[in-house]
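Asks: Okay, here's the structure, questions in a sec.
Number of protein chains: 2
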Amino acid sequence: MITLHPIGIVRGSRHAAEDDAWDAEVAHVELDSRFGPDALLGLDGFSHVEVIFHFHRADPARAEHGARHPRGNSAWPRVGIFAQRGKDRPNHLGSTICRVLRLDGTRLHLAGLDAIDGTPVLDIKPWMQGFAPRGAVHEPAWAGALMESYW
Amino acid sequence: MITLHPIGIVRGSRHAAEDDAWDAEVAHVELDSRFGPDALLGLDGFSHVEVIFHFHRADPARAEHGARHPRGNSAWPRVGIFAQRGKDRPNHLGSTICRVLRLDGTRLHLAGLDAIDGTPVLDIKPWMQGFAPRGAVHEPAWAGALMESYW
Numbered sequence: 001m002i003t004l005h006p007i008g009i010v011r012g013s014r015h016a017a018e019d020d021a022w023d024a025e026v027a028h029v030e031l032d033s034r035f036g037p038d039a040l041l042g043l044d045g046f047s048h049v050e051v052i053f054h055f056h057r058a059d060p061a062r063a064e065h066g067a068r069h070p071r072g073n074s075a076w077p078r079v080g081i082f083a084q085r086g087k088d089r090p091n092h093l094g095s096t097i098c099r100v101l102r103l104d105g106t107r108l109h110l111a112g113l114d115a116i117d118g119t120p121v122l123d124i125k126p127w128m129q130g131f132a133p134r135g136a137v138h139e140p141a142w143a144g145a146l147m148e149s150y151w
Numbered sequence: 152m153i154t155l156h157p158i159g160i161v162r163g164s165r166h167a168a169e170d171d172a173w174d175a176e177v178a179h180v181e182l183d184s185r186f187g188p189d190a191l192l193g194l195d196g197f198s199h200v201e202v203i204f205h206f207h208r209a210d211p212a213r214a215e216h217g218a219r220h221p222r223g224n225s226a227w228p229r230v231g232i233f234a235q236r237g238k239d240r241p242n243h244l245g246s247t248i249c250r251v252l253r254l255d256g257t258r259l260h261l262a263g264l265d266a267i268d269g270t271p272v273l274d275i276k277p278w279m280q281g282f283a284p285r286g287a288v289h290e291p292a293w294a295g296a297l298m299e300s301y302w
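As you go down the protein sequences, you meet chains A and B in turn. Here our numbering is used: position 116 in the first sequence is 116, and no number is missing along the way. Convert by adding 151 to the 1-based position in the second sequence; the result is the number in our numbering.
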């Protein structure tokens with residue numbers, strides 16, 4: 001087992017776990033008191049960051065270990081939990097690439113952070129173009145349909 | 152504190168933590184015995200996946216909480232630990248987007264997995280184009296220089 005200590009918390013305008021329309025929200029990550037502004041130094045030189053967080057409101061008893069229809073929608077194929085990004089997954093980790101708006105001490109203001117207020121943050125990494133997908137990118141049609149109203 | 156249970160392990164050709172030339176390696180993720188092939192069902196419909204793993208060989212005592220020069224290279228600016236992607240970070244999480252080569256039962260063969268043999272895997276997510284960075288992407292020059300020999 002691996003024990004992690006959240007590095008901070010999401011402060012945002014959404015308080016309930018809902019799937020869509022995240023661009024209507026504002027959010028920042030507030031680092032905890034172990035950290036000073038130094039921990040974020042230079043992050044405003046990057047356009048985007050990757051935020052890894054914990055779906056803390058997800059019910060462990062509902063975690064899927066096999067396959068299911070994404071969002072329970074039977075119009076989409078039944079796929080493995082590791083072939084979808086929903087919250088009811090082993091370890092309940094979320095990961096999202098957000099646009100950096102500004103730094104303010106130990107607060108990092110972001111656009112496109114799809115996590116509710118109070119979400120524990122486990123890591124922040126700069127988005128480097130060297131880590132972007134390499135080679136041709138494709139996905140099944142249902143993935144595009146699922147994301148249609150997401151932002 | 153948040154306790155995670157690895158979902159599987161990296162089996163790969165690199166056994167020592169070194170920074171560069173990862174494309175010379177082959178690797179797969181082997182899911183643990185709680186999972187069957189169903190957990191990966193449909194993942195071969197995606198060109199890429201995101202793998203979240205634990206830098207298990209990193210020394211917790213060396214975790215940086217402030218700022219440092221990436222890779223200790225003073226030719227590059229001193230930046231916060233959350234403005235770089237090195238292993239000596241709080242929580243020791245790694246996250247990499249890899250190309251899917253093939254599925255084989257509970258084994259997922261990947262290209263571009265920069266994790267050594269034995270690395271605990273915490274999550275696998277499909278790479279959806281809807282989660283790609285939105286808006287103009289930029290990064291400081293040192294980030295490009297650091298990645299020059301990485302793959």
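The beta carbon of each residue, even a glycine, is placed where N, CA and C say it ideally should be.
1) Given a threshold of 16 other Cβ atoms within 10 Å of its Cβ, counted over all protein chains shown, does Arg14 of chain A qualify as buried or as exposed?
2) From the DSSP output, which residues share a beta bridge with Asp104 of chain A?
3) Compare the Cα-Cα distances from Ser314 of chain B to each of B:Ala178, B:Gly295, B:Ile160 and report the closest residue.
4) Apart from the five residues on each side of it in sequence, which residues of its chain come closer than 6 Å, Cβ to Cβ, to Asp114 of chain A?
5) For Ser375 of chain B, go through chain A and note every residue whose CB falls closer than 9 Å to its CB, in chain order.
6) Got a sec? Which residues, its chain only, sit under 7 Å from Pro271 of chain B by beta carbon, not counting five neighbours each side?
7) Name the residue from B:Asn224, B:Ala262, B:Gly281 whose alpha carbon lies nearest to the alpha carbon of Arg162 of chain B.
8) With a threshold of 8 Å on Cβ separation, who are the neighbours of Val200 of chain B within its own chain once the five nearest residues in sequence on each side are excluded?
9) In the DSSP assignment, find the beta strand (DSSP E) that holds Gly12 of chain A and state where it starts and stops.
10) Can you list, in chain order, the residues of the stretch 224 to 253 of chain B whose Cβ is nearer than 8 Å to any Cβ on chain A?
11) Pick from A:His138, A:Arg134, A:Gln129: whose alpha carbon is nearest that of Gly281 of chain B?
12) Would Gly45 of chain A and Pro291 of chain B qualify as a contact pair, given that the criterion is a beta-carbon distance under 8 Å?
13) Please report the Cβ distance between Met1 of chain A and Leu182 of chain B, rounded to the nearest whole angstrom; I am assuming they are in contact, meaning their Cβ atoms lie under 8 Å.
14) Can you tell me whether Gly286 of chain B is buried or exposed? The criterion is at least 16 other CB atoms within 10 Å of its CB, across all chains shown.
15) Flag Leu261 of chain B as yes if its beta-carbon sits less than 8 Å from any beta-carbon of chain A, otherwise no.
Replies: Concretely, from the data shown:
1) As a working note, residue 14 of chain A is residue 14 in the first sequence. It counts as buried.
2) Within the first sequence, the letter at position 104 stands for residue 104 of chain A. Per DSSP, A:Arg107.
3) Residue 314 of chain B lies beyond the stretch modelled for chain B, which goes from 152 to 302, so this question has no answer here.
4) Here residue 114 of chain A is taken as the residue at index 114 of the first sequence, counted from 1. If we look at Asp114 of chain A and ignore the five residues flanking it on each side, its Cβ neighbours are Trp22, Thr96.
5) Since the first residue of chain B shown is 152 and the last is 302, residue 375 of chain B is not available in this structure.
6) Along the second sequence, read from residue 1 onward, the residue named residue 271 of chain B stands at position 120. The residues Pro157, Ile160, Phe204, His205, His207, in chain order, have a CB closer than 7 Å to that of Pro271 of chain B in the same chain once the five nearest residues on each side in sequence are set aside.
7) The count along the second sequence starts at 1 and reaches residue 162 of chain B at position 11. Nearest option by C-alpha distance: B:Ala262.
8) For the purposes of this step, residue 200 of chain B is taken as residue 49 along the second sequence, with counting starting at 1. Result list for Val200 of chain B: Leu194, Ile248, Cys249, Val251, Leu259, Leu261, Ile275, Lys276, Pro277, Trp278, in chain order.
9) Residue 12 of chain A sits at position 12 when you count from the first residue of the first sequence. Here the beta strand (DSSP E) through Gly12 of chain A covers 8 to 12.
10) Pro228, Arg229, Val230, Gly231, Ile232, Phe233, Ala234, Gln235, Arg236, Arg240, Pro241, Asn242, Leu244, Ser246, Thr247, Ile248, Arg250
11) Against the second sequence, residue 281 of chain B aligns to sequence position 130. Measuring from the Cα of Gly281 of chain B, the nearest candidate turns out to be A:His138.
12) By 1-based counting over the first sequence, the position of residue 45 of chain A is 45. By 1-based counting over the second sequence, the position of residue 291 of chain B is 140. It is a contact, given that the beta carbons lie within the stated cut-off.
13) Here residue 1 of chain A refers to the residue found at position 1 when the first sequence is read from its first residue. Here residue 182 of chain B refers to the residue found at position 31 when the second sequence is read from its first residue. That pair is no contact at about 17 Å.
14) Against the second sequence, residue 286 of chain B aligns to sequence position 135. By the 10 Å Cβ count, Gly286 of chain B comes out exposed.
15) Numbered from its first residue, the second sequence carries residue 261 of chain B at position 110. Not closer than 8 Å to any Cβ of chain A, the Cβ of Leu261 of chain B fails to qualify, so no.
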